[in-house]
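Mapping to UniProt numbering: the sequence shown position 19 is 19, numbers consecutive.
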Amino acid sequence: MEFMEEELSLTTLQALCRNFFLSTDGTKRQLVLRLKDVPKEELTKMIEVETTKEYDSTVIQKHLTVDGGQSVVHKENLQASENVKNTAKLEGTSKNENADTKVMTTENIPNNNKNQRTPEKEKHKLQHTSNPNEEILSGRFDRRVNNYNNFRSAEFTLEASLKEKEMELLKKENELLKREQELLRKENQMLRSVDCAAEQSAAAGISLSLVSNFISNYDGKTDGTFWVTQLRDIQKTYMLSDNMLRALFATKLIGRAQVWLHSRRNTSDENLDELFQQFCLMFGTKETKLEKQVFEQQQRLKRPKTRNKSH
1 MEFMEEELSL TTLQALCRNF FLSTDGTKRQ LVLRLKDVPK EELTKMIEVE
51 TTKEYDSTVI QKHLTVDGGQ SVVHKENLQA SENVKNTAKL EGTSKNENAD
101 TKVMTTENIP NNNKNQRTPE KEKHKLQHTS NPNEEILSGR FDRRVNNYNN
151 FRSAEFTLEA SLKEKEMELL KKENELLKRE QELLRKENQM LRSVDCAAEQ
201 SAAAGISLSL VSNFISNYDG KTDGTFWVTQ LRDIQKTYML SDNMLRALFA
251 TKLIGRAQVW LHSRRNTSDE NLDELFQQFC LMFGTKETKL EKQVFEQQQR
301 LKRPKTRNKS H
């Protein structure tokens, strides 16, 4: 890289940095250090392009300028105009001169016009000399654009394929969750059926006479609410059905309590909670008796309304 600092000019190094999208600020040494990361083949090509461009511009500048900064094209245009004036004078004063001289003068003018440098010709020459470099740069830019477009299209294609795979995985996961939910539901049903069967078998394996030993007879003289609570505890402990509890209740009543039970209608079909509620109101403590009076009063208030509705 040392030859770049010695042989290449600052303008050429800046142009190289500009072509590779590097900073153009700093000394020659700094520019050379920035160009170290550029691939060697690409850097060599661009050095040839830039040196050729610099040489062509130097040659053109030498041809276009003379001492005092006057343009050669401007000088040749002045000379051509003077030749035209001299030719007009010769035609006006020397009509009888030799025809060969006239032919020579007329031939010299077009030859001068052919060799004359005009701004259009110089512009065309500059465009012609700069076209190869521009073609190289435009080709590099087009390749970069194509590579970028190809990369973006490949990236979009990969992203689309990943999204499709993700959707498929989500669908499969949803199906697995549905199957798992169905299995859990069936397992729950099986557990419930097993529990019911166990309760039925436990209830069927216990005789009523065995359970009746755990509770005393009731004659209506003590607190009936406490006695009903004992019955409920036995039902929960031995998992008795409502019908077995009703039978146990009927077999353990004696005296006034048994008379009260036999005086009621539809005892076997009556709801067990309502039966125990009426029993507690009849044979409960003072609080329960007060509740019984309130209940009876409410029933009396309801009876006229029902009669009026029937009428």
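Backbone N, C-alpha and C define an ideal beta-carbon position, used for all residues, glycine too.
Using the C-alpha atoms, what's the distance from ARG34 back to ARG152?
For this step, residue 152 is matched to residue 152 along the sequence shown. For this step, residue 34 is matched to residue 34 along the sequence shown. Their Cα atoms are separated by approximately 29 Å.
Determine, using beta carbons only, whether ILE254 and ASP219 come nearer to each other than 7 Å.
As a working mapping, residue 254 is identified with position 254 in the sequence shown. As a working mapping, residue 219 is identified with position 219 in the sequence shown. In contact: ILE254 and ASP219 (Cβ atoms closer than 7 Å).
DSSP has residue 332 in a bridge; who is on the other side?
Lying outside 1 to 311, the shown extent of the chain, residue 332 is not represented and no answer is given.
Kindly indicate which three-state DSSP category GLU42 falls into: helix, strand or coil?
Position 42 of the sequence shown holds residue 42. Three-state DSSP puts GLU42 in a helix.
Which residues mark the beginning and the end of the alpha helix (DSSP H) in which GLY224 is found?
Residue 224 sits at position 224 when you count from the first residue of the sequence shown. 224 to 238 is the extent of the alpha helix (DSSP H) around GLY224.
State buried or exposed for VAL228, treating a residue as buried only when at least 16 other CB atoms are found within 10 Å of its CB.
Counting from 1 along the sequence shown, the entry for residue 228 is found at position 228. VAL228 is buried by the Cβ-count criterion.
Select from THR225, THR11, LYS252 the residue whose C-alpha is nearest the C-alpha of residue 325.
There is no way to answer for residue 325, as the model of the chain reaches only from 1 to 311.
Out of curiosity, what's the CA-to-CA distance linking THR251 and LYS186?
What you label residue 251 is simply residue 251 of the sequence shown in a count that begins at 1. What you label residue 186 is simply residue 186 of the sequence shown in a count that begins at 1. If you take the alpha carbons of THR251 and LYS186, they lie about 42 Å apart.
Out of ALA15, ASN188, LEU169, point me to the one whose CA is closest to THR52's CA.
Locating residue 52 in the sequence shown gives position 52, counting from the first residue. The shortest Cα separation from THR52 among ALA15, ASN188, LEU169 belongs to ALA15.
In angstroms, rounded to a whole number, what distance separates the CA positions of LEU39 and LYS165?
Working through the sequence shown from its first residue, we reach residue 39 at position 39. Working through the sequence shown from its first residue, we reach residue 165 at position 165. In the sequence under discussion, the amino acid at residue 39 is Pro, which differs from the Leu named in the question. Going from the Cα of PRO39 to the Cα of LYS165 covers about 40 Å.
Can you grab the Cα-Cα spacing for the pair LEU177 / LEU184, in whole Å?
As a first step, residue 177 must be located in the sequence shown, where it is residue number 177. As a first step, residue 184 must be located in the sequence shown, where it is residue number 184. Distance between the alpha carbons of LEU177 and LEU184: 10 Å.
Going by the CB atoms, is the gap between GLN230 and ILE215 shorter than 7 Å?
Within the sequence shown, the letter at position 215 stands for residue 215. Within the sequence shown, the letter at position 230 stands for residue 230. Yes, Cβ-Cβ distance for ILE215 and GLN230 is below 7 Å.
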